[in-house]
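Read the structure below first, then the notes.
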Amino acid sequence: MNSNPTHQDTPADPATGWWTRATIYQVYPRSFADSDGDGIGDLPGITARLDHLVELGVDALWLSPFYPSPQADAGYDVADYRDVDPLFGTLADADRLIAAAHSRGLRVIVDLVPNHTSSAHRWFAAALAAAPGSPERDRYVFRDGAGPDGAQPPNDWTSVFGGPAWTRVTEADGRPGQWYLHLFDTGQPDLNWDNPEVREEFLGVLRFWLDRGVDGFRVDVAHGLIKQADLADWQEPQEILSGPEIDKPRPPMWDQEGVHEIYRDWRRVLDGYPGERILVAEAWVEPAERLARYVRPDEMHQAFNFEYLLAAWTAPAQYAVITRSLEATDVVGAPTTWVLSNHDVVRHASRLGLPIGGKRPNGIGIGDPQPDAALGLRRARAATLLMLALPGSAYLYQGEELGLPEHTTMPDEARQDPTWARSGNTERGRDGCRVPIPWEADAPSYGFGPTDASWLPQPPLWAEYALDRQRDAPGSTYELYRTALRLRREHRLGEGPLEWLASGDEVLSFRNGALTVLTNFGDAAVPVPTGAELVHASAPLDADGAVGTDVTVWVRPA
64 MNSNPTHQDT
74 PADPATGWWT
84 RATIYQVYPR
94 SFADSDGDGI
104 GDLPGITARL
114 DHLVELGVDA
124 LWLSPFYPSP
134 QADAGYDVAD
144 YRDVDPLFGT
154 LADADRLIAA
164 AHSRGLRVIV
174 DLVPNHTSSA
184 HRWFAAALAA
194 APGSPERDRY
204 VFRDGAGPDG
214 AQPPNDWTSV
224 FGGPAWTRVT
234 EADGRPGQWY
244 LHLFDTGQPD
254 LNWDNPEVRE
264 EFLGVLRFWL
274 DRGVDGFRVD
284 VAHGLIKQAD
294 LADWQEPQEI
304 LSGPEIDKPR
314 PPMWDQEGVH
324 EIYRDWRRVL
334 DGYPGERILV
344 AEAWVEPAER
354 LARYVRPDEM
364 HQAFNFEYLL
374 AAWTAPAQYA
384 VITRSLEATD
394 VVGAPTTWVL
404 SNHDVVRHAS
414 RLGLPIGGKR
424 PNGIGIGDPQ
434 PDAALGLRRA
444 RAATLLMLAL
454 PGSAYLYQGE
464 ELGLPEHTTM
474 PDEARQDPTW
484 ARSGNTERGR
494 DGCRVPIPWE
504 ADAPSYGFGP
514 TDASWLPQPP
524 LWAEYALDRQ
534 RDAPGSTYEL
544 YRTALRLRRE
554 HRLGEGPLEW
564 LASGDEVLSF
574 RNGALTVLTN
584 FGDAAVPVPT
594 GAELVHASAP
604 LDADGAVGTD
614 VTVWVRPA
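Just so we're aligned, residue 64 is where the sequence shown starts under this note's numbering, counting upward by one.
Right, here's the structure in full:
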């Protein structure tokens with residue numbers, strides 16, 4: 064087993080823990096680096112590229128799932144929580160990756176998927192073989208169907224991926240039987256978290272990976288484990304975020320009070336280990352005051368700030384979400400997190416190239432309105448410098464340091480996201496942000512692996528974004544990130560505090576420590592504060608030294 068480095072073996076202090084100001088880099092294993100040429104990224108490939116993360120200047124990496132899985136949802140359908148899928152390597156490869164990261168001063172966070180298992184999990188196989196009402200079925204959410212012959216789903220819930228959230232099984236004697244709940248794909252049956260056996264199993268999973276030296280867990284669908292006991296109908300659309308009204312009725316499948324008891328149990332387990340091990344909630348919860356409840360002192364350490372990710376690129380919208388986020392987490396004494404891209408949303412270099420105020424697309428494909436690539440990258444660079452100057456913890460998604468856009472012209476026949484099929488080919492889904500990243504412009508698969516194989520097609524324009532084209536290139540997006548992360552550490556920007564200087568309709572400006580940060584959202588250029596020294600900028604200043612539209616600058620006041 065691997066253990067954490069000595070420098071981590073001190074009691075966690077909620078006020079000074081590393082996670083309160085860290086920059087954490089998301090690695091999507093399928094698409095980061097392929098060591099064996101099969102077209103799918105793997106753990107040895109990640110280990111071989113860890114020096115990139117050190118050079119970039121991040122504090123930790125978060126690994127999306129690498130567990131055994133039929134890959135119905137790219138690994139978020141887990142068949143065994145205590146092993147590694149042969150696609151990605153072996154358990155020994157995971158140990159080597161953890162050790163190699165720790166030797167470089169990087170912490171490792173792994174994904175945990177507790178809302179559902181794979182339908183290939185041994186528990187679900189046992190549930191299908193057992194009778195209704197059996198202990199095996201009670202590990203999941205099985206119900207009799209509605210109607211005189213049980214031929215209708217138990218309620219009207221829909222899947223996040225489209226279609227009904229229930230599937231009927233065939234019983235052992237061949238007759239149509241009960242229905243099981245799957246808030247996502249049919250291959251992802253929801254667990255019954257009211258069952259003590261389920262709770263005990265996951266405490267064991269936590270200990271398994273903590274014993275191997277991981278520094279924390281990112282918890283998938285953290286707001287979904289407990290369902291309203293009566294499974295009441297919900298006629299409203301299945302929304303990711305339901306709006307800022309604090310008293311708005313909550314859907315019966317999301318953000319139920321019982322989830323907090325689970326995380327208090329988990330926190331006790333983590334606190335029993337040496338070092339600063341953390342829990343990170345993927346909780347699509349609004350408003351900020353409710354999200355903050357997940358990071359109370361005895362629960363999780365962080366929760367993703369999706370309201371920030373989805374905020375419009377306007378000065379008023381950015382000011383409102385930043386202020387609301389900081390105020391909500393301050394109440395519970397937790398850090399705020401900031402994130403602009405991940406494996407589930409259109410990359411922000413493309414998303415910000417779409418008209419402001421329009422519908423947020425769930426993927427972009429051939430025939431869809433296309434983003435303005437130059438505008439999107441300009442805004443993305445400005446948004447990144449704004450984000451990295453905020454107090455709290457920042458998350459980066461692999462490839463964003465290269466300015467990677469969404470693959471918006473991927474052939475539909477290449478798509479693998481279950482959303483595409485389950486939505487009746489109306490929602491293209493998440494494949495466009497998951498394309499393997501380019502390391503070398505002139506290498507096979509742009510350096511992703513030793514062959515041309517790539518599990519999703521890489522667009523020809525990937526060459527211009529390759530790391531070897533951007534490293535040491537003045538003005539490149541990679542060097543923008545690298546410099547920003549160095550300055551973020553030097554000026555301790557993650558620690559704050561933030562003091563607003565301007566929050567109008569066109570300009571945002573605040574002070575964080577010794578630096579002043581200014582973002583221009585307006586059409587007219589604005590002057591740099593008189594006598595200030597330019598420290599960093601998302602784009603060159605205008606000829607007269609002013610800050611142009613969609614530009615963020617960091618300056619040191621005179």
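We put the beta carbon where it would ideally sit given N, CA and C, even for glycine.
Small disclaimer: the values here were computed from a predicted structure and weren't measured.
- Take E345, set aside five residues on each side of it, and the residues of its chain with a beta-carbon closer than 7 Å to its own are R281, V282, D283, V284, A285, F367, in chain order.
- A straight-line Cα-Cα distance of about 33 Å links G120 and D328.
- Around the beta-carbon of W563, fewer than 16 other beta-carbon atoms lie within 10 Å, marking it exposed.
- Cβ atoms of A123 and A183 stay farther apart than 8 Å, at about 31 Å.
- For F573, the enclosing beta strand (DSSP E) has its first and last residue at 570-575.
- Between the alpha carbons of V147 and G250 lies a gap of roughly 19 Å.
- When DSSP states are grouped into helix, strand and coil, E349 belongs to the coil group.
- Per the coordinates, the alpha-carbon of R185 lies some 30 Å from the alpha-carbon of L519.
- Counting along the chain, R281 sits inside the beta strand (DSSP E) bounded by residues 279-282.
- The secondary-structure analysis by DSSP pairs H179 across a beta bridge with D253.
- With distances taken between CA atoms, A587 lies nearest to V610 out of H599, V610, A602.
- Beyond the five residues adjoining it in sequence on each side, A193 comes within less than 6 Å, by CB distance, of E199, R200 in the same chain, given in chain order.
- If you draw a straight line from the Cα of T180 to the Cα of T612, it comes to about 47 Å.
- Just measuring C-alpha positions, the residue of L556, D248, I419, L448 sitting nearest G455 is L556.
- Less than 9 Å divides the Cβ of E469 from the Cβ of P434.
- For A436, the CB contacts under 7 Å within the same chain, skipping 5 residues up- and downstream, are G416, P468 in chain order.
- Relative to G585, the option among A135, A96, M316, R442 whose CA is nearest is R442.
- In the same chain as L561, and ignoring 5 residues on each side of it, the C-beta atoms closer than 6 Å to its own belong to P454, F573, N575, in chain order.
- For the 9 Å CB-CB criterion, Y371 and W401 form a contact.
- Between R491 and G426, the CB-CB gap stays under 9 Å.
- Taking a C-beta distance under 9 Å as the contact criterion, R167 and L126 do not qualify as a contact pair.
- For P481, the uninterrupted alpha helix (DSSP H) run begins and ends at 481-485, by DSSP.
- Nearest Cα to Q291 within the set R551, E527, D318, I87: D318.
- Exclusion of the five residues before and after R534 leaves Y541 as the residues of its chain whose Cβ lies within less than 7 Å of its Cβ.
- The continuous alpha helix (DSSP H) containing S413 extends over residues 411-414.
- Scanning its chain for C-beta atoms nearer than 7 Å, with the 5 sequence neighbours on each side dropped, one finds around F247 the residues D136, H179, S222, V223, F224, in chain order.
- For Y509, no pairing in a beta bridge is given by DSSP.
- If you look at L244, you'll find it in the beta strand (DSSP E) that goes 239-244.
- N583 has V570, V614 as its beta-bridge partners, per DSSP.
- Under DSSP, L451 takes part in no beta bridge, so it has no partner.
- Counted as a single uninterrupted DSSP element, the alpha helix (DSSP H) harbouring R159 occupies residues 154-166.
- Rounded to whole angstroms, P424 and P337 show a C-alpha spacing of 43 Å.
- Under the three-pair Cβ rule at 8 Å, the stretch 266-282 does not count as touching the stretch 502-511.
- For P107, the CB contacts under 7 Å within the same chain, skipping 5 residues up- and downstream, are S98, G152, D156 in chain order.
- The beta carbon of D431 lies closer than 8 Å to those of P424, T471, R491 in the same chain, with the five residues before and after it left out.
- Rounded to whole angstroms, the separation of the alpha carbons of A375 and A383 is 10 Å.
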